[in-house]
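Participant: In terms of our numbering, the sequence shown is residues 282 to 608.
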Amino acid sequence: MRLRTFGLISTLVGLLAGPLPAEAQQPKKVPRIAILSINRPGPRATIDALLQGLRDLGYIEGQNIIIEYRFAERKYDRLPLLAAELVSFNPDVLITSTTPGVRAAKKATTSIPIVVGSAGSLVKRGFVKSLARPGGNITGMTFYSKHARMSKQLEVLKEAVPKISYVALLVNPANPGTAFQGDLGGVSRTLGIRLQRVEARGVDELEAAFSVMAKSGANALLMANDAILNQNRRRITELAAKRRLPSISHRKHFAEAGGLLAYGTSLADMWRRAATHVDKILKGIKPGDIPVERPTKFNLVVNLKTAKQLGITIPSSILYRADKVIK
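(1) Whose C-beta lies closer than 6 Å to the C-beta of H531 among residues of the same chain, with five residues either side of it excluded?
(2) Within this structure, are the beta carbons of D560 and P576 separated by less than 8 Å?
(3) In terms of residue numbering, what span does the alpha helix (DSSP H) encompassing Q333 cover?
(4) Alpha carbon to alpha carbon, what distance is there between E440 and K586?
(5) Rounded to the nearest angstrom, what separates I316 and P361 at their Cα positions?
(6) Go to S598, then tell me how far its beta strand (DSSP E) extends in each direction, as first and last residue.
(7) Please name the residue, chosen from A385, D604 and W552, that lies closest to D329 on a Cα-to-Cα basis.
(8) Rounded to the nearest angstrom, how far is the Cβ of A521 from that of L502, given a contact under 8 Å?
(9) With the cut-off set at 8 Å, would you say N584 and G540 are in Cβ contact?
(10) Find the nearest neighbour of A429 within the set Y447, A455, S402 and P372, judged by alpha-carbon distance.
(11) Looking at the C-beta of R525, does it have a partner C-beta in chain B at a distance below 8 Å?
(12) By Cβ distance, which residues of its chain are closer than 7 Å to A460, with the 5 residues on each side in sequence left out?
(13) What would DSSP say about F579, mapped onto helix, strand or coil?
(14) Answer with buried or exposed for Y601, where buried requires no fewer than 16 other C-beta atoms within 10 angstroms of its C-beta.
(15) If I measure Cβ to Cβ from K533 and keep anything under 6 Å in the same chain, skipping five residues before and after, which residues do I get?
(16) Determine the burial state of T327: buried for a count of at least 16 other Cβ atoms within 10 Å of its Cβ, exposed for fewer.
(17) Going by DSSP in three states, R530 sits in which element: helix, strand or coil?
(18) From R470 to P527, what does the alpha carbon distance come to, in whole angstroms?
(19) Does G398 pass the burial test, meaning 16 or more other C-beta atoms within 10 Å, or should it be called exposed?
(20) Extract the residue ranges of the alpha helix (DSSP H) inside the region 484-562, only unbroken runs of 4 or more that lie entirely within it.
(21) Please state if the CB of A386 and the CB of A364 are separated by a distance shorter than 8 Å.
(22) Who pairs with T379 in a beta bridge, going by DSSP?
(23) Go to S318, then tell me how far its beta strand (DSSP E) extends in each direction, as first and last residue.
(24) Roughly how many angstroms lie between the CA atoms of E480 and L367, to the nearest whole one?
(25) Less than 8 Å separating the beta-carbons of A555 and V396?
(26) Check the C-beta distance from R321 over to R355 and give it rounded, since I have them as a contact under 8 Å.
Given below as structure tokens:
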């Protein structure tokens, strides 16, 4: 009898001292991600690509991952305040893009990991020490240099329209990431092109900018990659058509809106790949040990409707390489 009693007591003690049932254990922490965007809420190809990349890795928003969004509505001066607000939530990862976005995030925190969906010159601007070993709390995706990207755009524009000789470079001076002088002298001289910088901070300044182009005698347009200019791409392409200016820019939406050409990196592909950086951080790897990556996918879009309106015949060499031809 005593043996039976002792055995029963031992069993009860063992159960009490053993691990708790799964339902009684502390719930696993759900990772929290913060996204800081210069754009407005609504259709968002880049963020959708990031979410798809996360889904491919097993992260489902609202199920096993929480995402906080803040949109600056294309007002660069709002980014620092929104970055500080997101940091106050203490997310596991803060995701952003563009030079102003990265700068605002970096100023807001030196401890929370920051993943860049797309931005240029991360090394040159001091955001990371090197691409291979970024150090600090920032990693992600970066463009090739603006010089390399815009040089290639000039080459594509000249190949498509050999007669051009004077190209207006449209930039937004309010954006420190694109408001640069653009040292394209070497490539422009090689191509036999003069280059003129023209500024516009928003839609209200576009008419004046195109008047400057007309007075200077520019016969083509290269639009810098900028959130505000991109938002007004339809108005820009309308003005370019009115002035009979063959045009090129970075994003495919520019050609889809009526621009002659678009050549540049696939932003959706960059943001999708940025999800792998998020995954590594959530699994415990420090952002400073995750190499910054460059784009591998580029898009060339040709708008033949615009070419016809401008009386331009696009060479077969361009059409053959195009990822999309709008007829």
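C-beta: ideal position from N, C-alpha, C; glycine also. All values reported here derive from a predicted model rather than from experimental measurement.
Facilitator: The structure says:
(1) The residue you call residue 531 lines up with position 250 of the sequence shown. Excluding sequence positions up to five before and after H531, its CB lies within less than 6 Å of the CB of N506 and G545, all in the same chain and listed in chain order.
(2) Here residue 560 refers to the residue found at position 279 when the sequence shown is read from its first residue. Here residue 576 refers to the residue found at position 295 when the sequence shown is read from its first residue. It is not a contact, given that the beta carbons lie outside the stated cut-off.
(3) Stepping through the sequence shown from its first residue, residue 333 is reached at position 52. Per DSSP, Q333 belongs to the alpha helix (DSSP H) from A326 to D337.
(4) In the sequence shown, the residue the question calls residue 586 occupies position 305. In the sequence shown, the residue the question calls residue 440 occupies position 159. Computed Cα separation, rounded: 18 Å.
(5) Position 35 of the sequence shown, counted from the start, is the residue given in the question as residue 316. Position 80 of the sequence shown, counted from the start, is the residue given in the question as residue 361. In this structure, the CA atom of I316 is about 13 Å from the CA atom of P361.
(6) As a first step, residue 598 is located in the sequence shown; it is residue number 317 there, counting from the start. No beta strand (DSSP E) holds S598; the alpha helix (DSSP H) holding it covers S597 to R602.
(7) For this step, residue 329 is matched to residue 48 along the sequence shown. The shortest Cα separation from D329 among A385, D604 and W552 belongs to W552.
(8) Stepping through the sequence shown from its first residue, residue 521 is reached at position 240. Stepping through the sequence shown from its first residue, residue 502 is reached at position 221. The C-beta distance from A521 to L502 rounds to 5 Å, short enough to meet the 8 Å contact threshold.
(9) Locating residue 584 in the sequence shown gives position 303, where the first residue counts as 1. Locating residue 540 in the sequence shown gives position 259, where the first residue counts as 1. Yes.
(10) Your numbering for residue 429 matches position 148 in the sequence shown. Closest option to A429, Cα to Cα, is S402.
(11) The structure shown contains no chain B; it is built from a single protein chain.
(12) Residue 460 sits at position 179 when you count from the first residue of the sequence shown. Residue confidence is low: A460 scores 49 on pLDDT, short of 50, so the model does not pin down where it sits. Its coordinate-derived value is still stated next. A distance below 7 Å between beta-carbons, with the five flanking residues on each side excluded, links A460 to the following residues of its chain, in chain order: V452, N453 and P454.
(13) Stepping through the sequence shown from its first residue, residue 579 is reached at position 298. Strand, per DSSP.
(14) Within the sequence shown, the letter at position 320 stands for residue 601. By the neighbour-count rule (16 or more Cβ atoms within 10 Å), Y601 is not buried but exposed.
(15) Counting from 1 along the sequence shown, the entry for residue 533 is found at position 252. Shown here for K533: same chain residues with a beta carbon closer than 6 Å to its own, the five before and five after excluded, namely A543, N580 and V582 in chain order.
(16) Position 46 of the sequence shown holds residue 327. Per the 10 Å Cβ criterion, buried.
(17) Translated into positions along the sequence shown, residue 530 becomes position 249. Looking at the sequence provided, one finds Ser at residue 530 rather than Arg. Under the three-state reduction of DSSP output, S530 falls in the strand class.
(18) By one-based count along the sequence shown, residue 470 stands at place 189. By one-based count along the sequence shown, residue 527 stands at place 246. The alpha-carbon separation between R470 and P527 amounts to approximately 19 Å.
(19) The count along the sequence shown starts at 1 and reaches residue 398 at position 117. G398 is buried by the Cβ-count criterion.
(20) As summarised for the region 484-562, the continuous alpha helix (DSSP H) elements at least 4 residues long and confined to that stretch are 487-497, 508-512, 514-523 and 533-537, given in chain order.
(21) As a working note, residue 364 is residue 83 in the sequence shown. As a working note, residue 386 is residue 105 in the sequence shown. Against a cut-off of 8 Å, the Cβ pair of A386 and A364 comes out as a contact.
(22) Start at 1 with the first residue of the sequence shown, and residue 379 comes out as number 98. Paired residues: none, contrary to the question.
(23) As a first step, residue 318 is located in the sequence shown; it is residue number 37 there, counting from the start. Start and end: R313 to S318.
(24) As a first step, residue 480 is located in the sequence shown; it is residue number 199 there, counting from the start. As a first step, residue 367 is located in the sequence shown; it is residue number 86 there, counting from the start. E480 and L367: Cα-Cα distance of roughly 32 Å.
(25) As a working note, residue 555 is residue 274 in the sequence shown. As a working note, residue 396 is residue 115 in the sequence shown. Yes.
(26) Here residue 321 corresponds to residue number 40 of the sequence shown, with the count starting at 1. Here residue 355 corresponds to residue number 74 of the sequence shown, with the count starting at 1. With 8 Å as the limit, R321 and R355 qualify as a contact, their Cβ atoms being about 7 Å apart.
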